[in-house]
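Since the structure comes first, as structure tokens, the remarks are kept for the end.
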Amino acid sequence: MRYQRQIEDLYERNPGFPGVVQAIRDLKQNPRVLIFSHHDLDGITSAFILKRMLERLKGAEVAVRMPQHFKLWEQTLVEALEQEGRFDMLIISDKGTFEYYDSLLKHIEPIVIIDHHQLDGRPQKCLLFNPTVQNSDYASACALLCHMIAKKLTEVDRYDDFAALVGCRGDFAFDPVGKTAAEFTKPFLDYVRSEFPNLLEVRSGRPTMYDIVDRTRTALINQIGEVLQAGTIAHFYKDMLNIDVVSGPRLVLEFLLELVDRGVDPKQIRTVREFLGTKPKGVILSTVFEQYKEDWDLLEARTENPVYLGEVRGVGIYLLFAREANAMERAPFPAILPFVASTKLEVFKRRGGHPHAAVIVFCPKERGIHISMRGGGGIINCGKICFEVARRLQSRYPKYSGIGGGGHARAAELLADKPVPMYAVMHELLFAIEQLIEVAKALDRGELEPEKLKLAEAFGLE
Ligand SMILES: [Mn+2]
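Residues in the sequence shown are numbered consecutively from 135, following the numbering used here.
Next comes the structure, spelled out in structure tokens:
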């Protein structure tokens, strides 16, 4: 399908799409718009596209905030409103589809949610555009949804195209080296392929965090994605590298906006060095990237020898017990270690002779235990497993609020803040994996007792 066709199609089938477009059209001239976006590459590029579109279309004054937590907390919104005054619209992009967002309408109206995550309740009063929920086709990246909205409302330019491509790269929507792409992203990729051959061309070079299957080749878009991804955690390197960065995501957003001001043409870029340039923000990004690569190598050594826990329907499950790089001990989200572990999935799989592999990273951090689970070949469900282990920990420690878990089928997280003891988290995790292995075997033998079916459902086993 052509990209334009896909947009028209989605616009017709998905009432959320025209709803959001109309709300933006209805804004008065020179409105003030507040955007809360996710602090990862997809969230940053979503904000980039939305901000530029609102400025072009409405002469809007746009404030962007990208705090370090996935869900937008009421307190965070209230603080922003106190500091920045009145707004004519709040846009929440790439930050989940929570029913709870309806309750924020007492602070600001209207609220527009643009998202591609699984729903957590269903917001009724906010304007919602999330095809994943509404049409159950998985929308690969929020930046792509923002690009579609922008295309519907105004002309987009090569910077919008570039930003959407970076967002898709950040959320693993395509792989130029393996030549794979999520169904939802294919029409867009076809649309930009002739525009940016330089970015998608396969080249030899140091494998990036995105080069998971083939570790001998890469592409410029992967290299650019990795440099910017490292930039999103720049503030954790602030003291270590003596750099003036309050927020990594803001640094990356401002760097991208400066590219536009400087007229750097993404079609002409040949190397990362050219992309970063010699202006202050580019120099900081380059300094951060050098340190990031050093940390990456250190973490590679820490992920060499995983513990094999067992196999579930051809998925070898591996456990890594390792600390993050020093500067990342304070990061309340996956910083570097889980990405290093992801690049090891292929190695563990081959070494163990499994059709698929999953890796569980057990990482003690400053605030508590952070578990990241990756892989699983679509056969085991990382999100459900993390959710279930967190649920069990919550019922064991009902007084502690800092326990939570969940995510996607192939990538999920669990956080158990102190004072939940480390041994308790490890205990629940290992017990759950043991149960998962046993129950899968029992099911495959045709044993379908209600008890076992209940467990299988909790773990997301078919
Ligand atoms: Mn996203």
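From the three backbone atoms N, C-alpha and C, an ideal C-beta is built for every residue, glycine too.
Check: Rounded C-alpha distance that separates residue 277 from residue 581; Outcome: 45 angstroms
Check: Check: residue 540 C-beta below 8 angstroms from any heavy atom of ligand 1; Outcome: no
Check: Any 3 or more C-beta pairs closer than 8 angstroms across the region 297-313 and the region 331-350; Outcome: yes
Check: Backbone CA spacing between residue 377 and residue 141 [nearest angstrom]; Outcome: 42 angstroms
Check: Simplified DSSP assignment, three categories, for residue 199; Outcome: strand
Check: Residues near ligand 1, criterion Cβ-heavy atom distance below 5 angstroms; Outcome: 176, 228, 276, 305
Check: Candidates 395, 348, 555, 425: closest to residue 373 by CA position; Outcome: 425
Check: Three-way DSSP call (helix, strand, coil) for residue 347 in this model; Outcome: coil
Check: Close Cβ partners of residue 524 (< 6 angstroms) along its chain, the five nearest in sequence each way excluded; Outcome: 537, 538, 539, 548
Check: Alpha carbon of residue 359 to alpha carbon of residue 343, nearest angstrom; Outcome: 9 angstroms
Check: Contact under 9 angstroms by Cβ, residue 503 with residue 550; Outcome: yes
Check: Bridge partners - residue 462, DSSP secondary structure assignment; Outcome: According to DSSP, residue 462 bridges with nothing at all.
Check: Given 8 angstroms, three or more beta-carbon pairs between the region 473-485 and the region 339-355; Outcome: yes
Check: Residue 337 - partner residues in DSSP beta bridges; Outcome: 352
Check: For residue 560, the three-state DSSP class (helix, strand or coil); Outcome: helix
Check: heavy atom of ligand 3 below 8 angstroms from residue 158 C-beta; Outcome: Absent from the structure shown: ligand 3. Ligands present: ligand 1.
Check: Of the listed residues 283, 320, 170, nearest to residue 272 (C-alpha basis); Outcome: 320
Check: Rounded C-alpha distance that separates residue 158 from residue 223; Outcome: 9 angstroms
Check: Cβ pair residue 194, residue 218 closer than 9 angstroms; Outcome: no
Check: Simplified DSSP state of residue 369, which is helix, strand or coil; Outcome: helix
Check: Sequence-distant residues of the same chain with beta carbon closer than 7 angstroms to residue 430, five excluded per side; Outcome: 470, 474
Check: Status (buried if at least 16 other CB within 10 Å, exposed otherwise) for residue 312; Outcome: exposed
Check: Residue 326: first and last residue of the uninterrupted alpha helix (DSSP H) it sits in; Outcome: 320-327
Check: Buried or exposed by the 16-neighbour rule on C-beta atoms within 10 Å, applied to residue 521; Outcome: buried
Check: Residues near residue 611 in its chain [Cβ-Cβ closer than 8 angstroms; skip 5 each side]; Outcome: Nothing can be reported for residue 611, as the shown portion of the chain is limited to 135 through 596.
Check: Residue from 421, 583, 291, 415 whose Cα sits closest to the Cα of residue 401; Outcome: 291
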